[in-house]
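**Q**
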Amino acid sequence: MLVEEKITSLKHELIEYATLVEGMIDKSIKGLINKNKGLLIEVMEKDERQANEFEIKVDEICMALIAQYQPKGKGLRTILMSYKINNDLERMADHAVNIAETALTLIEVPPMTEYVKDVLKMAEITRGMLKDSIDSFVREDSVLAQDVCKRDDVVDDLRRVNRREIIGSMCAECSIMEVGLDILRIARNIERIADLSTNICEDVIFMVEGKVIKHKFDKM
Amino acid sequence: MENSIEIKAEEINFYYGTKQALKNINLEIYENQVTALIGPSGCGKSTFIRLLNRMNDLIPHSRVEGKIYFEGQNIFEENVDVVSLRQRVGMVFQKPNPFPKTIFENVSYGLEVKGIRDKQTIEEKVISSLNQAALWKEVKDRLHDSALGLSGGQQQRLCIARCLAVEPHVILFDEPCASLDPISTRSIEELILDLKKYYTIVIVTHNMQQAARISDFTAFLYLGELIEFGLTEKIFTIPKQKMTEEYLTGKFG
Numbered sequence: 001m002l003v004e005e006k007i008t009s010l011k012h013e014l015i016e017y018a019t020l021v022e023g024m025i026d027k028s029i030k031g032l033i034n035k036n037k038g039l040l041i042e043v044m045e046k047d048e049r050q051a052n053e054f055e056i057k058v059d060e061i062c063m064a065l066i067a068q069y070q071p072k073g074k075g076l077r078t079i080l081m082s083y084k085i086n087n088d089l090e091r092m093a094d095h096a097v098n099i100a101e102t103a104l105t106l107i108e109v110p111p112m113t114e115y116v117k118d119v120l121k122m123a124e125i126t127r128g129m130l131k132d133s134i135d136s137f138v139r140e141d142s143v144l145a146q147d148v149c150k151r152d153d154v155v156d157d158l159r160r161v162n163r164r165e166i167i168g169s170m171c172a173e174c175s176i177m178e179v180g181l182d183i184l185r186i187a188r189n190i191e192r193i194a195d196l197s198t199n200i201c202e203d204v205i206f207m208v209e210g211k212v213i214k215h216k217f218d219k220m
Numbered sequence: 221m222e223n224s225i226e227i228k229a230e231e232i233n234f235y236y237g238t239k240q241a242l243k244n245i246n247l248e249i250y251e252n253q254v255t256a257l258i259g260p261s262g263c264g265k266s267t268f269i270r271l272l273n274r275m276n277d278l279i280p281h282s283r284v285e286g287k288i289y290f291e292g293q294n295i296f297e298e299n300v301d302v303v304s305l306r307q308r309v310g311m312v313f314q315k316p317n318p319f320p321k322t323i324f325e326n327v328s329y330g331l332e333v334k335g336i337r338d339k340q341t342i343e344e345k346v347i348s349s350l351n352q353a354a355l356w357k358e359v360k361d362r363l364h365d366s367a368l369g370l371s372g373g374q375q376q377r378l379c380i381a382r383c384l385a386v387e388p389h390v391i392l393f394d395e396p397c398a399s400l401d402p403i404s405t406r407s408i409e410e411l412i413l414d415l416k417k418y419y420t421i422v423i424v425t426h427n428m429q430q431a432a433r434i435s436d437f438t439a440f441l442y443l444g445e446l447i448e449f450g451l452t453e454k455i456f457t458i459p460k461q462k463m464t465e466e467y468l469t470g471k472f473g
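Quick mapping for you: the protein sequence lines, in order, are chains V and F. Reminder that position 158 of the first sequence reads as 158 in the numbering used here, one-by-one numbering, no gaps. Reminder that position 97 of the second sequence reads as 317 in the numbering used here, one-by-one numbering, no gaps.
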């Protein structure tokens, strides 16, 4: 296989990996809302194992591509970015597992619809961000990547509002302290997934344009 | 990965007079895969590849011990027809060596040796071989010109076409790009990657990056010994032997 074909198959591997992680987020949120223990356990046991296998496989592919083909220019950037995206996906999968674990502790308590509402919204936007971040990588679309970065602010705002509400309620009513902390933890994990999607997009912009945008580097 | 074995070398020792060039080599060559032999000059890689179609028979005072199985038979047995073996295990050399004949005759020659007389069959085979060697488009209007007028890269592809015409199962490449420029090298490499769908390929190369780019398996030889053999992606990333690592990173050789 030529190096170009190998890079294409590396991208396919990452698409499959990202689809798995997207499914993990989906299942852990559905498990939270519908109190579906089976889904949560699936994420924690079956999916996480698969995610770890993907991570190792992609690591090996990237290393072999560099050793065998000594890529230059965009080929090199694509492989290095794939290596980083791989790491981001693995961390996202861990966050999905954290959500599932926390949701499992909430299975027995009555639904906290008013607090979970914002969490749901955050999760929906975040899943879209992850999907679009991978799409932008595969299609080498830096415009889409920039759009994803903007959506991260929406998630951050939602989390801030949600946090304020929950903390307010906890101050007023001590008995919801434990549940409140769990929901805060779930929101925090979703927010981290959104951040990692943003990381992917920053890497995509570098891959396509060779321009560093993270840490507001262009202004430094 | 499951691969069937095309060639199996067992305990091969080879001597040029009293000098031992290969020491107890055991190696399996897999069907429809590219196997690269690498190692510093004098490590025995060319000696080994030439054993696979008994080219070393021609070297005076040389001696071989051990067995090489191909299609269920030890190729060193007395009843093996060497001409037929060399048709089934073809070879392309370092320096393109077309015959001083026309382009067409270079490819048709092997067919005539094989006893094929029918003009149409020969013509069809010449065209398909030139096509498979990715040369047809460049030479179709000058088939009856001398092959010596072709560029180095074209001559090498002609030699590949000549080899393909007699329908080998295995093709041995002994440093096929050593005398070619980078563009011709790339075209030969792409051709090898294409040919492996139909043939088993063994290549000797001094260019480690070429071995890394085009081979599925790599064998590293040093001073006549097989130091390490395995999947190319493993050999080039996590070699098991310290000596392989040192050779790959340029510490010796």
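Using N, Cα and C, we set each Cβ at its ideal position, and we do this for glycine too. What you are looking at is a predicted structure, and each value in this text was computed from that prediction instead of being measured.
#1: In the stretch 77-163 of chain V, which residue ranges form an unbroken alpha helix (DSSP H) of at least 4 residues, counting only runs that do not cross its ends?
#2: How about residue 226 (chain F) and residue 251 (chain F): do their beta carbons lie closer than 7 Å?
#3: Would you call the CB atoms of residue 200 (chain V) and residue 85 (chain V) closer than 7 Å?
#4: Would residue 469 (chain F) count as contacting chain V if we go by Cβ distances under 7 Å?
#5: What are the residues that DSSP puts in a beta bridge with residue 283 (chain F)?
#6: Thinking C-beta only, is residue 133 (chain V) closer than 7 Å to residue 175 (chain V)?
#7: Label residue 95 (chain V) either buried or exposed according to how many other C-beta atoms from any shown protein chain fall within 10 Å of its C-beta, with 16 as the threshold for buried.
#8: For a quick check, are the C-beta atoms of residue 352 (chain F) and residue 384 (chain F) less than 7 Å apart?
#9: So, are the CB atoms of residue 398 (chain F) and residue 318 (chain F) less than 7 Å apart?
#10: Under the rule that 16 or more other beta-carbon atoms within 10 Å means buried, what is residue 449 (chain F), buried or exposed?
#11: Measure the alpha-carbon distance for residue 220 (chain V) versus residue 211 (chain V) and round it to whole angstroms.
#12: What are the residues that DSSP puts in a beta bridge with residue 392 (chain F)?
#13: Thinking C-alpha only, which one of V:179, V:205, V:159 is nearest residue 145 (chain V)?
#14: List the whole-angstrom C-beta distance separating residue 333 (chain F) from residue 346 (chain F), where the pair is believed to meet the contact cut-off of C-beta under 8 Å.
#15: In whole angstroms, give me the CA-to-CA distance for residue 314 (chain F) and residue 271 (chain F).
#16: Excluding the 5 residues flanking residue 434 (chain F) on each side, which residues of the same chain have their C-beta closer than 8 Å to its C-beta?
#17: Taking residue 258 (chain F) as part of the beta strand (DSSP E), name the residues at either end of that continuous run.
#18: Let me see if you follow: with CB-CB separation under 7 Å, is residue 68 (chain V) close to chain F or not?
#19: Alpha carbon to alpha carbon, what distance is there between residue 233 (chain F) and residue 282 (chain F)?
#20: If distances are taken between C-alpha atoms only, which option among F:356, F:365, F:360 comes closest to residue 380 (chain F)?
#21: CB residue 183 (chain V) to CB residue 122 (chain V), shorter than 7 Å?
#22: Round the Cβ separation of residue 264 (chain F) and residue 241 (chain F) to the nearest angstrom and send it over; I've been treating them as touching at under 8 Å.
#23: Please state whether the Cβ-Cβ distance between residue 440 (chain F) and residue 425 (chain F) is less than 7 Å.
#24: Step through the CB atoms of chain V and report whether any lies within less than 7 Å of the CB of residue 456 (chain F).
#25: For residue 441 (chain F), write down the residues that DSSP places opposite it in a beta bridge.
#26: Distance check for residue 92 (chain V) and residue 100 (chain V), CA to CA, integer angstroms please.
**A** A quick look at the data gives this:
#1: 113-139
#2: yes
#3: yes
#4: no
#5: In the DSSP assignment, residue 283 (chain F) is bridged to F:235.
#6: no
#7: buried
#8: A contact, by the Cβ cut-off of 7 Å.
#9: no
#10: buried
#11: Summary for residue 220 (chain V): the model assigns pLDDT 44, below 50, so the residue's position carries little reliability; its value from the coordinates is reported in the next sentence. Cα-Cα distance, rounded: 13 Å.
#12: F:311, F:422
#13: V:205
#14: Cβ atoms of residue 333 (chain F) and residue 346 (chain F) stay farther apart than 8 Å, at about 14 Å.
#15: 16 Å
#16: 254, 256, 409, 412, 413, 423
#17: Note, residue 258 (chain F): beta strand (DSSP E), 254-258.
#18: yes
#19: 11 Å
#20: F:356
#21: no
#22: 5 Å
#23: no
#24: yes
#25: F:446
#26: Each residue's Cα considered, the two are about 12 Å apart.
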